[in-house]
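Below you'll find the structure, written out as structure tokens, and then a few comments.
2 protein chains.
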Amino acid sequence: MLSKNKIKLIKSLDQKKYRTEHNLFVVEGEKLCNELIHSQFVVGEKPFEIAELFYTLSWKQKHLEDLEELNVTSTEVTESELQKVSQLKTSNQVLALVKIPQKKIPRYDDDLVLVLDGVRDPGNMGTIMRTADWFGIKELICSADCVDAFNSKVVQATMGSLFRINVLYYDLEVAISKIRKHHPLKPVYGATLDGENVYNMSLPQDAILVVGNEAHGISPKSKELLTKEILIPRFGSGESLNVGIATAILCSEFKRQ
Amino acid sequence: MLSKNKIKLIKSLDQKKYRTEHNLFVVEGEKLCNELIHSQFVVGEKPFEIAELFYTLSWKQKHLEDLEELNVTSTEVTESELQKVSQLKTSNQVLALVKIPQKKIPRYDDDLVLVLDGVRDPGNMGTIMRTADWFGIKELICSADCVDAFNSKVVQATMGSLFRINVLYYDLEVAISKIRKHHPLKPVYGATLDGENVYNMSLPQDAILVVGNEAHGISPKSKELLTKEILIPRFGSGESLNVGIATAILCSEFKRQ
Numbered sequence: 006m007l008s009k010n011k012i013k014l015i016k017s018l019d020q021k022k023y024r025t026e027h028n029l030f031v032v033e034g035e036k037l038c039n040e041l042i043h044s045q046f047v048v049g050e051k052p053f054e055i056a057e058l059f060y061t062l063s064w065k066q067k068h069l070e071d072l073e074e075l076n077v078t079s080t081e082v083t084e085s086e087l088q089k090v091s092q093l094k095t096s097n098q099v100l101a102l103v104k105i106p107q108k109k110i111p112r113y114d115d116d117l118v119l120v121l122d123g124v125r126d127p128g129n130m131g132t133i134m135r136t137a138d139w140f141g142i143k144e145l146i147c148s149a150d151c152v153d154a155f156n157s158k159v160v161q162a163t164m165g166s167l168f169r170i171n172v173l174y175y176d177l178e179v180a181i182s183k184i185r186k187h188h189p190l191k192p193v194y195g196a197t198l199d200g201e202n203v204y205n206m207s208l209p210q211d212a213i214l215v216v217g218n219e220a221h222g223i224s225p226k227s228k229e230l231l232t233k234e235i236l237i238p239r240f241g242s243g244e245s246l247n248v249g250i251a252t253a254i255l256c257s258e259f260k261r262q
Numbered sequence: 006m007l008s009k010n011k012i013k014l015i016k017s018l019d020q021k022k023y024r025t026e027h028n029l030f031v032v033e034g035e036k037l038c039n040e041l042i043h044s045q046f047v048v049g050e051k052p053f054e055i056a057e058l059f060y061t062l063s064w065k066q067k068h069l070e071d072l073e074e075l076n077v078t079s080t081e082v083t084e085s086e087l088q089k090v091s092q093l094k095t096s097n098q099v100l101a102l103v104k105i106p107q108k109k110i111p112r113y114d115d116d117l118v119l120v121l122d123g124v125r126d127p128g129n130m131g132t133i134m135r136t137a138d139w140f141g142i143k144e145l146i147c148s149a150d151c152v153d154a155f156n157s158k159v160v161q162a163t164m165g166s167l168f169r170i171n172v173l174y175y176d177l178e179v180a181i182s183k184i185r186k187h188h189p190l191k192p193v194y195g196a197t198l199d200g201e202n203v204y205n206m207s208l209p210q211d212a213i214l215v216v217g218n219e220a221h222g223i224s225p226k227s228k229e230l231l232t233k234e235i236l237i238p239r240f241g242s243g244e245s246l247n248v249g250i251a252t253a254i255l256c257s258e259f260k261r262q
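Residue numbers (the numbering used here), protein chains in the order written: chain Y, 6 to 262; chain R, 6 to 262.
In structure tokens, the structure reads:
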């Protein structure tokens with residue numbers, strides 16, 4: 006049974022200010038909650054911490070073992086109760102309140118790091134995380150004006166990749182200079198409209214890749230941090246590529262080499 | 006001024022059955038309507054035909070010359086009238102009713118043709134069109150169970166690319182056999198989970214590329230039409246790539262070579 010206060014709390018987490026206030030975000034649906042629960046059992050990595058779990062009887066019956074092993078506060082609810090607090094069109098058996106992880110520090114690996122400068126659309130942000138996860142990118146650094154990674158639309162669009170990627174919000178200048186202190190020669194690539202044709206370049210695995218805002222691209226301030234501007238050449242008449250698409254093509258170019 | 010009947014008509018076009026009944030679809034917003042109007046002045050290509058135009062006074066004042074040259078039925082409306090019929094969160098100065106083009110036939114060019122097998126999400130379909138337009142792909146063949154290309158969410162997501170691409174709905178077996186009658190050696194590539202690593206292949210420009218449904222990939226029936234299965238290799242832990250992302254990476258692989 007869901008109390009009025011709990012309903013109010015869960016609904017409020019649709020807004021960033023309440024997510025920050027309560028230090029919680031919502032993970033909904035069988036697929037995502039399965040990924041979340043699975044992430045709890047991975048050895049070595051600090052997992053996302055589940056604060057509370059709400060599920061229907063039918064979900065519970067399928068996950069008795071998981072529940073025992075997890076040992077978190079949990080409440081059985083009806084489908085119509087779940088529907089009341091769901092941000093999905095059709096609520097989906099299970100909903101978790103998850104603690105927002107502490108601000109993390111960069112990992113300083115010898116690997117490709119992805120940097121987002123002002124990506125605003127939740128769907129784009131989520132898709133970029135999903136793509137990064139496919140390409141084995143472990144670190145995503147976001148400027149403060151990017152959409153919040155714990156926005157429910159972002160969480161949904163990641164398809165669970167959120168639980169496998171180190172997402173950091175940083176002043177980009179600070180973040181990049183921190184990384185380059187450990188890797189002084191790590192190049193900083195950025196996707197711009199007057200960059201060099203990416204298909205003609207030899208790309209290193211140990212690099213930083215910056216992509217910009219949906220409408221305005223990389224900000225002038227962030228452009229100064231780049232050591233190399235790159236471009237996906239246009240073969241047709243399209244005016245632009247979606248930022249998620251451009252990021253994916255560039256990740257593919259870095260990784261295939 | 007918008008009559009009650011007109012409001013009813015425009016709103017009804019949100020549903021495919023009414024788009025089919027009236028043979029009309031809606032194009033909204035300054036950017037898209039500019040692209041639409043621009044497409045009317047392109048020499049040689051049969052443009053989309055505008056049935057009727059609705060705009061605010063401020064839009065009209067910026068487009069007096071266009072309006073004179075277009076010579077279509079048009080009505081000045083208030084912003085609040087436009088808001089009433091808009092499918093956008095904030096309506097955007099101008100809305101066009103456009104005739105759905107006649108069923109087209111394949112172009113039979115010596116070029117890359119993109120085939121969608123059961124792509125259901127309007128955002129994915131629109132993004133795929135935008136990407137295809139960037140890569141100079143002129144032809145998109147869709148199976149009958151793909152989302153309707155004249156769905157307003159698709160139209161919005163294309164960012165105007167819809168007006169530059171030949172979109173056809175076909176039984177895929179019929180379409181591919183029609184194309185191969187003209188180009189008997191044209192290979193048919195398909196993105197599948199057990200295909201060959203696309204990064205290790207030499208890809209021709211004169212080819213057909215099939216991508217499948219968001220959840221189920223290419224249907225067993227369509228798989229039989231493929232001459233070569235290809236795969237974007239996974240470097241990390243992500244379970245899958247979004248179909249728009251996978252299509253973009255594959256288009257990039259075909260075009261860069």
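The beta-carbon is built from N, C-alpha and C at its ideal position, and this holds for glycine as well.
Residue i touches chain R at which residues, Cβ-Cβ below 8 Å?
i	result
Y/Tyr260	For the sequence presented, residue 260 of chain Y should be read as Lys rather than Tyr. Ordered by position in chain R, the residues that pass the 8 Å Cβ test against Y/Lys260 are Phe240.
Y/Ile55	By Cβ distance, chain R contributes nothing, its closest Cβ being about 20 Å from Y/Ile55, past 8 Å.
Helix, strand or coil for residue i? Go by DSSP, reduced to three states.
i	result
R/Lys104	strand
R/Asn10	helix
Y/Phe259	helix
Y/Leu177	helix
Y/Val159	helix
Y/Ile55	strand
R/Asp150	coil
Y/Leu69	helix
R/Val265	There is simply no residue 265 of chain R to check, as chain R begins at 6 and stops at 262 in what is shown.
R/Lys16	helix
R/Arg185	helix
R/Arg135	helix
R/Leu208	coil
Y/Pro127	helix
Just to confirm, is the Cβ distance from residue i to residue j under 7 Å?
i	j	result
R/Trp139	Y/Leu214	no
R/Ser2	R/Gln92	No information on residue 2 of chain R is available, as it lies outside the stretch 6 to 262 that chain R covers here.
Y/Ile254	R/Ser257	yes
Y/Ala251	Y/Leu117	no
Y/Ala137	Y/Leu121	no
Y/Leu231	Y/Val193	yes
Y/Ile146	Y/Leu173	yes
R/Ser79	R/Leu58	yes
R/Pro106	R/Lys183	no
Y/Gly200	Y/Glu229	no
R/Gly1	Y/Gly249	Absent from the model: residue 1 of chain R. The displayed extent of chain R is 6 to 262, so no value can be given.
Y/Asp126	Y/Glu33	no
Given that residue i touches chain Y, what residues does it touch there, using C-beta distances under 8 Å?
i	result
R/Leu246	Arg135, Thr136, Trp139, Ala253
R/Arg112	In chain order: nothing, as chain Y lies at least about 14 Å away.
R/Ser157	Those within 8 Å of R/Ser157 in chain Y number zero; the least Cβ separation is about 17 Å.
Give the DSSP bridge partners of residue i, in chain order.
i	result
Y/Tyr60	Y/Glu81, Y/Val99
Y/Ile213	Y/Val118, Y/Val193
R/Leu145	R/Leu119, R/Val172
R/Asn218	R/Gly222
Y/Glu201	Y/Ile235
What residues of chain Y sit near residue i, judged by a beta carbon separation below 7 Å?
i	result
R/Thr132	Asn247, Ile250
R/Ile213	The premise fails here: R/Ile213 is roughly 17 Å from chain Y at the closest Cβ pair, so nothing lies under 7 Å.
R/Arg125	Here the premise fails: no neighbours, minimum Cβ distance about 14 Å.
R/Tyr204	Arg261
For a contact defined as C-beta to C-beta under 9 Å, what are the partners of residue i on chain R?
i	result
Y/Ile142	Phe240, Gly241
Y/Gly128	Gly128
Y/Met164	Gly243, Glu244, Ser245, Asn247
Y/Tyr194	Near Y/Tyr194 there are no residues of chain R at all, since even the closest Cβ is about 16 Å away, more than 9 Å.
Y/Ile105	Correct list: empty, because the minimum Cβ distance to chain R is about 22 Å.
Using a C-beta to C-beta distance shorter than 9 Å, which residues of chain Y count as neighbours of residue i?
i	result
R/Arg169	Gly241, Ser242, Gly243
Counting only Cβ pairs nearer than 7 Å, list the residues of chain R close to residue i.
i	result
Y/Ser44	The contacting residues do not exist; Y/Ser44 stays about 10 Å from chain R at best.
Y/Ser79	Within chain R, no residue comes near Y/Ser79; the closest Cβ sits about 25 Å away, beyond 7 Å.
At what residue ranges does the region 20-52 of chain Y contain a whole run of the beta strand (DSSP E), taking only runs of 3 or more? 29-33
Complete beta strand (DSSP E) runs within the region 223-260 of chain R (minimum length 3 residues, chain order): 233-236
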